[in-house]
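Have a look at the structure below, then the notes.
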Amino acid sequence: MTEFSDLALDDRIQRAVRAEGYTTPTPVQERTIPALLEGRDVLGVAQTGTGKTAAFALPILHHLAAERPEHGRPIRALILTPTRELAAQIGDRLEVYGRNLTLHSFVIFGGVGQMPQVRAIDRGVDVLVATPGRLLDLEEQGYVDLSHVKHLVLDEADRMLDMGFIHDVRKILRLLPRERQNLLFSATMPEGIRDLVAKMLTDPVRVDVSPEEPTTDRIEQHVMFVKKADKVRLLADIIHAEMVDCGIVFTRTKHGANRLVQQLSRDGIVAEAIHGNKSQTARVRALEGFRDGDVPILVATDIASRGIDVEGITHVFNYELPNEPEIYVHRIGRTARAGRTGVAYSFCDETESGYLVGIQDLLGEDVPVIEDHAYHHPDARRRRGVGHPRRRRRLLVAAGRCAARDEVGSLRLVAAQRDRRVVGRA
Ligand code: AMP
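Here you go:
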């Protein structure tokens, strides 16, 4: 088995990694780090919780520490992320992994004043972590020079697509030098991402850790059928009974998240909401409270939750089932991080059984049902589970369609690469 010490990383980075207590690289790190060290482009199909941040941060820091810029301290690495939370977390990780280096990293995002960011960039930044909107804003005002970027990371590209940032990303790509190393991480590979991959990456090494090593393995999953009106009481009962002190509850809407926080507080449960309508200060405060243990329950919408990297989350509650099965996997992946175990409860009411079917199709198995609770509502289970002949047929058709799409996607990728000049080798 590969150890960190087997990877050709700068000793100062090795020391920082050891100080974090990492000894063995995760599968995504084991495959991404050598490829990036060699200067290759990488396409990573991996979700949060797989160790993907260190997978790109360590080799980029290694390259930057080895390459001295000709003048001053231009931005040499750019990391684009869809959310402020994810940007801030990557910024924290860069500080940790780069603590023995003299490199400067900085994080910029919207929703806060731009002047402190402008001043920091002025002082010199080697690695810039940014959300696309704010970066373009500052660039258009002439505060950011991207002409020295040699390493580009696009993290959670599928989420960028969902949030409508792809247009901004394409604009940013046009501002970068052609000679650069590129890395794109995405948990899923929808059509829009395949196009971007073809445009952005040159002969990439594909690191795919999703299908064979799903992080859901260590998560105990349950579904409970319940009326919508009983969900709050069911949630409060579980939180009390299992003395949950680090749990995350997902709702579909911002309004629903706020309301749930108030309802839980009537039950004596301290909770905070985190979603896109909250000010940056409120979001940071909620996350800090959650991380420190002062706030045991975080109620989140999907967009806000995506980058939350808090170790020790024991419980994930799908208070409302997500309408996209992939989101279910992202949500429950908030628990069982870095080798731990966790439990995920999904509340399914009579309007949500179709979503459950989609989730079980994606997982390839049924989520075990708990009926032994005060609010069990059998009517919520309208559609029957795996093994139903009609459903199996539908599954096979769906699988066939995916395979066909895969082939088209990779064919297009090959063609696009053939037509491009070889760029992107750092
Ligand atoms: P990420 O997927 O980058 O969000 O990382 C998930 C969590 O795993 C973070 O809390 C990291 O600190 C932790 N982590 C990353 N790499 C390792 C490793 N090789 N060994 C142990 N923990 C790790």
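If you count by our numbering, then the sequence shown holds residues 12 to 437, one letter each, in order. Glycine included, every Cβ here is placed at the ideal spot set by N, Cα and C. All values derive from a computational prediction rather than experimental measurement.
Would you report the Cα separation of residue i and residue j, rounded to the nearest angstrom?
i: Val260; j: Phe328; result: 5 Å
i: Asp390; j: Val368; result: 15 Å
i: Phe15; j: Val39; result: 13 Å
i: Gln25; j: His82; result: 28 Å
i: Glu96; j: Arg296; result: 12 Å
i: Arg405; j: Arg393; result: Residue confidence is low: Arg405 scores 33 on pLDDT, short of 50, so the model does not pin down where it sits. Its coordinate-derived value is still stated next. If you take the alpha carbons of Arg405 and Arg393, they lie about 17 Å apart.
i: Arg185; j: His384; result: 56 Å
i: Tyr330; j: Leu172; result: 25 Å
i: Arg181; j: Thr264; result: 29 Å
i: Leu298; j: Ile285; result: 8 Å
i: Gly121; j: Ala98; result: 11 Å
i: Thr13; j: Asp21; result: 16 Å
i: Asp166; j: Thr92; result: 5 Å
i: Ile249; j: Ala168; result: 35 Å
i: Val160; j: Gly60; result: 27 Å
i: Val218; j: Thr346; result: 23 Å
i: Ala19; j: Leu72; result: 12 Å
Compute the minimum distance between the beta carbon of residue i and the heavy atoms of the ligand AMP, and state whether it is under 7 Å.
i: Lys63; result: yes
i: Gln25; result: no
i: Gly144; result: no
i: Pro36; result: yes
i: Glu322; result: yes
i: Gln40; result: yes
i: Tyr386; result: no
i: Tyr33; result: yes
i: Gly60; result: yes
Can you check which of these residues, the options, is closest to residue i by C-alpha distance?
i: Ala77; options: Ala99, Leu48, Ala66 and Ala311; result: Leu48
i: Ser158; options: Met126, Leu172, Arg87 and Thr13; result: Arg87
i: Tyr356; options: His341, Leu373 and Ile381; result: Ile381
i: Leu332; options: Glu322, Gly365, Thr325 and Gly323; result: Gly365
i: Ala27; options: Leu105, Val53, Ala141 and Gly55; result: Leu105
i: Arg130; options: Tyr154, Ile343, Gly304 and Ala98; result: Tyr154
i: Val378; options: Phe236, Gln274 and Val218; result: Phe236
i: Gly32; options: Ala46, Ala57, Thr59 and Ala65; result: Ala65
i: Asp148; options: Gln125, Arg51, Arg244 and Thr352; result: Gln125
i: Glu337; options: Glu322, Asp313, Val321 and Gly353; result: Asp313
i: Pro70; options: Arg217, Met211, Gly279 and Leu194; result: Leu194
i: Lys210; options: Val354, Leu112, Thr13 and Asp52; result: Asp52
i: Gln192; options: His387, Met174 and His74; result: His74
i: Glu150; options: Asp133, Leu165 and Asp278; result: Asp133
i: Glu322; options: Leu18, Val107 and Gly304; result: Gly304
i: Arg79; options: Gln100, Tyr108, Ala57 and Leu114; result: Leu114
i: Pro45; options: Gln58, Arg29 and Ala68; result: Ala68
i: Glu335; options: Val243, Arg302, Pro215 and Thr199; result: Thr199
i: Gly175; options: Thr142, Pro188 and Arg189; result: Thr142
Could you name the residues that DSSP lists as bridge partners for residue i?
i: Ile439; result: One cannot answer for residue 439 here, as it falls past the ends of the chain, which runs 12 to 437.
i: Glu361; result: In DSSP, Glu361 forms no bridge with anything.
i: Phe328; result: Val260 and Tyr356
i: Met235; result: Phe358
i: Gln192; result: His162
i: Phe117; result: Leu139
Inset, instruction - Just list the alpha helix (DSSP H) runs in the segment 151-176, keeping only unbroken ones of 4 residues or longer that don't cross its boundaries, in chain order. - result: 168-173
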